[in-house]
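Trainee:
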Amino acid sequence: MRRGPPRPPSGDESLAYQFDFGQVVSGEYGQWILSGLGVTLQISGISIVLSLALGTVIAVLRLSKVKPLVWFAASFTEFFRNTPLLVQIFFWYFGSYSVLPEAVNQWLYARDFEFACGVIALTVYTAAFIAEEIRSGIFSIPKNQLEASRACGLSFLQAMAYVILPQAFRVIIPPLISQFLNLIKNSSLVMTIGVMDLTYMARQIEAHTFHGFEAFTVSTLIYLTISLIVSLGVNLYNRRVLHVRSR
Numbered sequence: 001m002r003r004g005p006p007r008p009p010s011g012d013e014s015l016a017y018q019f020d021f022g023q024v025v026s027g028e029y030g031q032w033i034l035s036g037l038g039v040t041l042q043i044s045g046i047s048i049v050l051s052l053a054l055g056t057v058i059a060v061l062r063l064s065k066v067k068p069l070v071w072f073a074a075s076f077t078e079f080f081r082n083t084p085l086l087v088q089i090f091f092w093y094f095g096s097y098s099v100l101p102e103a104v105n106q107w108l109y110a111r112d113f114e115f116a117c118g119v120i121a122l123t124v125y126t127a128a129f130i131a132e133e134i135r136s137g138i139f140s141i142p143k144n145q146l147e148a149s150r151a152c153g154l155s156f157l158q159a160m161a162y163v164i165l166p167q168a169f170r171v172i173i174p175p176l177i178s179q180f181l182n183l184i185k186n187s188s189l190v191m192t193i194g195v196m197d198l199t200y201m202a203r204q205i206e207a208h209t210f211h212g213f214e215a216f217t218v219s220t221l222i223y224l225t226i227s228l229i230v231s232l233g234v235n236l237y238n239r240r241v242l243h244v245r246s247r
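In UniProt numbering, the protein residues as written are 1 to 247.
1) If you draw a straight line from the C-alpha of glycine 45 to the C-alpha of valine 39, how long is it?
2) If you run the structure through DSSP and keep just helix, strand and coil, what is threonine 65?
3) Drop a sphere of 10 angstroms on the beta-carbon of isoleucine 229, count the other beta-carbons inside from all chains shown, and report buried for 16 or more, exposed for fewer.
4) Identify, in the order they occur along the chain, each residue of the same chain with its Cβ nearer than 6 Å to the Cβ of alanine 73, setting aside the five sequence neighbours on each side.
5) Please confirm if the segment 97 to 105 is in contact with the segment 133 to 150, defined as three or more CB-CB distances below 8 Å between the two stretches.
6) Apply the 10 Å Cβ neighbour rule to methionine 1 and answer buried if 16 or more other Cβ atoms are within range, or exposed otherwise.
7) Just to confirm, is the Cβ distance from isoleucine 164 to leucine 37 under 8 Å?
8) Would you call the segment 122 to 136 and the segment 176 to 195 in contact, with 3 or more CB pairs under 8 Å?
9) Ordered along the chain, which non-local residues of its own chain (more than five positions away) have a Cβ less than 7 Å from that of glutamine 145?
10) Using 8 Å as the cut-off, can you tell me whether the segment 185 to 195 makes contact with the segment 115 to 123, which would need three or more C-beta pairs spanning the two stretches below that distance?
11) Ordered along the chain, which non-local residues of its own chain (more than five positions away) have a Cβ less than 7 Å from that of isoleucine 226?
12) With distances taken between CB atoms, is the gap from tyrosine 29 to isoleucine 173 smaller than 8 Å?
13) I need the DSSP call for isoleucine 141, collapsed to helix, strand or coil.
14) Are valine 218 and valine 25 closer than 8 Å when you measure CB to CB?
15) Alpha carbon to alpha carbon, how far is asparagine 105 from arginine 111? Give it in angstroms, no decimals.
16) For isoleucine 89, which of helix, strand or coil comes out of DSSP?
17) Would you tell me roughly how many angstroms separate the C-alpha atoms of asparagine 238 and leucine 189, rounded to the nearest one?
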């Protein structure tokens, strides 16, 4: 039986969504994804280093015998832990000009102001959580070690730096890495102030190609891959530590 010419698509078929992941990951749009990934890794890396340093300082201050320092550290922790990160990002972006010194504002505006505000917001927010993790790690160390260190002539800061904190960090590595992963995922919020990170670029690709599903699927898989790589590294480290201790 002879077949006739192919039937033209109906209205519903012609308007059906056509998936095209190749358009998103290749050519100019692929470069956008890589550029956004680079910004995400950069802002996350800087914020991780700064939040770890700031969180350590806050944790030590909370154990100080100087009451004003303890109150400051406790207020810092409670304020930044209990306010939304997005609100904090907007605060630094729209309100930092009224808070920071004029010289600092001019320095920031002369560079990448949006990027700097994102780093500040991610740093102080994550530092508040890291401070609590470090403090719990310090409490897990027998108190007599600090007393013995002081009896040997070490100051409070020296005892913390050379005796207590090295042991505390070994205890809190898993929850600490969890905070770092949260920071990497939270970094997607900086797109709201114009930082051209991975999420921002996915949104731009969606606006140009109308392939939002593909763009955000790719960005989601990239975030997932980063998290899995970091988690795998932590698991390998923990196995190595347990192997060394079992000897």
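Ideal Cβ placement from N, Cα and C applies to all residues, glycine included.
Mentor: With the structure as the only source:
1) For the purposes of this step, residue 45 is taken as the residue at position 45 of the sequence shown. For the purposes of this step, residue 39 is taken as the residue at position 39 of the sequence shown. Cα-Cα distance, rounded: 10 Å.
2) Taking the sequence shown and counting its residues from 1, the one referred to as residue 65 is at position 65. According to the sequence provided, residue 65 is lysine. The question's threonine does not apply to it. Taken through DSSP and simplified to helix, strand or coil, lysine 65 comes out as coil.
3) Position 229 of the sequence shown, counted from the first residue, corresponds to residue 229. Within 10 angstroms of the beta-carbon of isoleucine 229 lie fewer than 16 other beta-carbons, which makes it exposed.
4) The residue given as residue 73 occupies position 73 in the sequence shown. For alanine 73, where only same-chain residues beyond five positions count, the Cβ hits under 6 Å are Ile58, Leu61 and Arg62.
5) Of all C-beta pairs linking the segment 97 to 105 to the segment 133 to 150, fewer than three are shorter than 8 Å, placing the two stretches out of contact.
6) By one-based count along the sequence shown, residue 1 stands at place 1. Unreliable placement is indicated for methionine 1, whose pLDDT of 48 sits below 50; the coordinate value is still reported in the next sentence. Methionine 1 should be labelled exposed.
7) On the sequence shown, position 164 is the one that residue 164 refers to. On the sequence shown, position 37 is the one that residue 37 refers to. At least 8 Å separates the beta-carbon of isoleucine 164 from that of leucine 37.
8) With the cut-off at 8 Å, the segment 122 to 136 and the segment 176 to 195 touch.
9) Stepping through the sequence shown from its first residue, residue 145 is reached at position 145. Excluding positions up to five away in sequence, the list reads Val163 and Ile164.
10) Yes, since at least three Cβ pairs between the segment 185 to 195 and the segment 115 to 123 fall closer than 8 Å, the two stretches touch.
11) Residue mapping note: residue 226 aligns to position 226 of the sequence shown, counting from 1. Excluding positions up to five away in sequence, the list reads Ile184.
12) Residue numbering aside, residue 29 sits at position 29 when the sequence shown is read from its first letter. Residue numbering aside, residue 173 sits at position 173 when the sequence shown is read from its first letter. Their beta carbons are not under 8 Å apart, which means tyrosine 29 does not touch isoleucine 173 by this criterion.
13) Position 141 of the sequence shown holds residue 141. Reduced to three states, the DSSP call for isoleucine 141 is coil.
14) Counting from one through the sequence shown, the residue named residue 218 turns up at place 218. Counting from one through the sequence shown, the residue named residue 25 turns up at place 25. Contact check for valine 218 against valine 25 passes: the beta carbons are separated by less than 8 Å.
15) Here residue 111 corresponds to residue number 111 of the sequence shown, with the count starting at 1. Here residue 105 corresponds to residue number 105 of the sequence shown, with the count starting at 1. Roughly 10 Å separates the two Cα atoms.
16) As a working note, residue 89 is residue 89 in the sequence shown. Helix, per DSSP.
17) The residue labelled residue 238 in the question sits at position 238 within the sequence shown. The residue labelled residue 189 in the question sits at position 189 within the sequence shown. Rounded to the nearest angstrom, the two C-alpha atoms are 31 Å apart.
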